[in-house]
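Counting in UniProt numbering, the sequence shown runs from 1 upward without gaps. No residue lacks a Cβ here, since even glycine has one placed at the ideal position from N, Cα and C.
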Amino acid sequence: MNPQAKLIFITSLLLGTTITISSNHWIMAWTGLEINTLAILPMISKSHHPRAIEAATKYFLVQATASALVLFSSMTNAWCTGQWDITQLTHPTSCLILTMAISMKLGLVPFHFWFPEVLQGSSLITGLLLSTAMKFPPITLLFMTSPSLNPALLTSMAILSTALGGWMGLNQTQIRKIMAFSSISHLGWMTIIIVYNPKLTMLNFYLYVLMTTTVFLTFNSMKVLKLPTLMTAWTKAPSLNAILLLTLLSLAGLPPLTGFLPKWLIIQELTKQDMALTATIISLLSLLGLFFYLRLAYCATITLPPHTTNHMKQWHTNKPISTSIAILTTMSLMLLPISPMIPTII
1 MNPQAKLIFI TSLLLGTTIT ISSNHWIMAW TGLEINTLAI LPMISKSHHP
51 RAIEAATKYF LVQATASALV LFSSMTNAWC TGQWDITQLT HPTSCLILTM
101 AISMKLGLVP FHFWFPEVLQ GSSLITGLLL STAMKFPPIT LLFMTSPSLN
151 PALLTSMAIL STALGGWMGL NQTQIRKIMA FSSISHLGWM TIIIVYNPKL
201 TMLNFYLYVL MTTTVFLTFN SMKVLKLPTL MTAWTKAPSL NAILLLTLLS
251 LAGLPPLTGF LPKWLIIQEL TKQDMALTAT IISLLSLLGL FFYLRLAYCA
301 TITLPPHTTN HMKQWHTNKP ISTSIAILTT MSLMLLPISP MIPTII
């Protein structure tokens with residue numbers, strides 16, 4: 001892609017995100033979401049491969065529908081209450097429509113079908129943007145409107161997201177699809193707590209972004225797109241491959257790694273809200289996700305490919321690990337000791 005064009009698209013992404021997260025008026029928030037959608041489309045379809053074009057088309061249709069629903073929800077609310085302020089969303093129908101719209105934007109169950117397909121048609125770096133940066137504006141809108149939303153509906157969608165995200169990722173062999181289902185599962189954890197403690201949702205989101213960025217950049221560095229390739233990637237960068245094992249376990253939420261911190265705080269908050277059963281169910285469902293993270297980790301570090309298959313052996317090069325991956329990996333593994341500071345922050 002032309003560097004000038006890439007600069008324009010990246011700037012537009014930053015501009016759209018900034019407009020949405022800093023706006024109080026629904027029209028401005030909607031404008032930011034539209035700028036974001038239009039900026040990411042050329043980045044999805046830049047390879048001109050039929051699968052990339054298909055992914056861009058699916059993404060456009062879903063996001064256009066969700067944006068129309070956001071506009072419809074805000075107009076209905078303004079018609080009934082006279083308020084265009086984002087935090088003043090009080091009309092029940094508007095709240096329901098907005099929940100649908102944000103769920104489509106984020107890829108929450110039952111509006112999740114587009115996300116794995118779009119991620120599979122994109123490159124790893126574009127997939128990283130779709131999994132992290134593109135989810136920031138919608139989750140900010142969810143954060144601002146959380147007092148008005150229906151807790152029972154959000155809890156149901158969250159549990160379904162965690163269940164389906166774990167279940168559908170079990171038999172995948174494509175790395176990008178596994179990461180898509182991982183994202184859906186993590187969104188379930190963020191959504192379940194947003195009505196009761198929105199700041200905890202944002203903390204979970206930031207740590208999810210940190211760990212997902214580390215994993216995507218590691219896969220991109222090793223040029224890995226599917227599990228069989230991952231089995232032979234250890235010859236390229238053995239140290240990076242060993243660290244990938246720990247990063248994946250952190251993303252799964254195993255103690256004493258960073259990924260355990262948001263899960264621990266969310267379970268604690270749910271218990272305080274007399275939702276111990278819900279906390280138990282979502283904790284058990286996260287074991288499904290743990291299975292495919294362990295599968296990835298197993299393929300990356302423990303197995304060797306059978307000699308009967310014609311795998312191309314990768315030539316070992318002593319290419320140093322990039323500084324950004326090293327810093328992100330360290331943070332993805334070692335932030336749990338800061339947990340006593342969390343109550344003072346949130």
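Return the first residue and the last residue of the alpha helix (DSSP H) that residue i is part of.
| i | result |
| --- | --- |
| Val209 | 198-222 |
| Gln88 | Premise fails: Gln88 is in no alpha helix (DSSP H) and is neither H nor E. |
| Pro138 | 136-145 |
| Pro337 | Per DSSP, Pro337 belongs to no alpha helix (DSSP H) and is neither H nor E. |
Excluding sequence positions up to five away, which residues of its chain have a Cβ less than 7 angstroms from the Cβ of residue i?
| i | result |
| --- | --- |
| Ile53 | Ser45 |
| Phe260 | Gly253, Leu254, Leu336 |
| Leu142 | Ile102, Ile194 |
| Ser239 | Ile321 |
| Leu290 | Ala252 |
| Lys58 | Trp114, Glu117, Val118 |
| Leu13 | Asn36, Ala39, Ile40, Ala133 |
| Phe9 | Ala39, Pro42, Met43 |
| Ile267 | Ala279, Ser283 |
| Trp26 | Ser74, Trp84, Ile86 |
| Ile281 | Ile159 |
Specify the secondary structure class of residue i as computed by DSSP and reduced to three states.
| i | result |
| --- | --- |
| Gln172 | coil |
| Thr235 | helix |
| His307 | Bear in mind that the predicted position of His307 carries a pLDDT of just 48, short of 50, making it unreliable; the figure below should be weighed with that in mind. His307 falls in the coil class under three-state DSSP. |
Only counting the same chain, and skipping five residues up and downstream in sequence, which positions put a Cβ closer than 6 angstroms to that of residue i?
| i | result |
| --- | --- |
| Leu244 | Thr218, Ala300 |
| Gly169 | Ile178, Phe181, Phe292 |
| Thr126 | Met43, Ile44 |
| Leu227 | Thr173, Cys299 |
| Val70 | Trp30, Ala101 |
For residue i, count the other beta carbons within 10 Å of its own beta carbon; 16 or more makes it buried, fewer makes it exposed. Which is it?
| i | result |
| --- | --- |
| Gly82 | exposed |
| Met341 | exposed |
| Ile19 | buried |
| His307 | Annotation note: pLDDT 48 at His307 (below 50); position unreliable, no value reported. |
| Ala5 | exposed |
| Lys223 | exposed |
| Ile302 | exposed |
| Tyr206 | exposed |
| Trp30 | buried |
| Thr330 | exposed |
| Pro262 | buried |
| Lys105 | buried |
| Leu200 | buried |
| Thr271 | exposed |
| Ser221 | buried |
| Ile139 | buried |
| Ser22 | exposed |
| Ile325 | buried |
| His49 | exposed |
| Leu277 | exposed |
Give me, in chain order, the residues of the same chain whose beta-carbon lies closer than 8 angstroms to that of residue i; leave out the 5 immediate sequence neighbours on both sides.
| i | result |
| --- | --- |
| Gln120 | Arg51, Ala55, Gln174, Arg176, Lys177, Ala180 |
| Leu154 | Thr99, Thr191, Ile192, Ile194, Val195 |
| Trp79 | none |
| Gln64 | For clarity, residue 64 is Ala in the given sequence; the question names Gln instead. Thr37. |
| Ala297 | Leu244, Leu245, Leu248, Leu249 |
Entirely enclosed alpha helix (DSSP H) segments - the region 3-48, minimum 4 residues:
3-22, 26-44
Ignoring anything shorter than 4 residues, give me the alpha helix (DSSP H) runs that lie fully in the region 62-127, in order along the chain.
92-106, 114-120
Going residue by residue through the region 230-292, where are the continuous alpha helix (DSSP H) segments of at least 4 residues, counting only ones entirely within it?
238-252, 260-272
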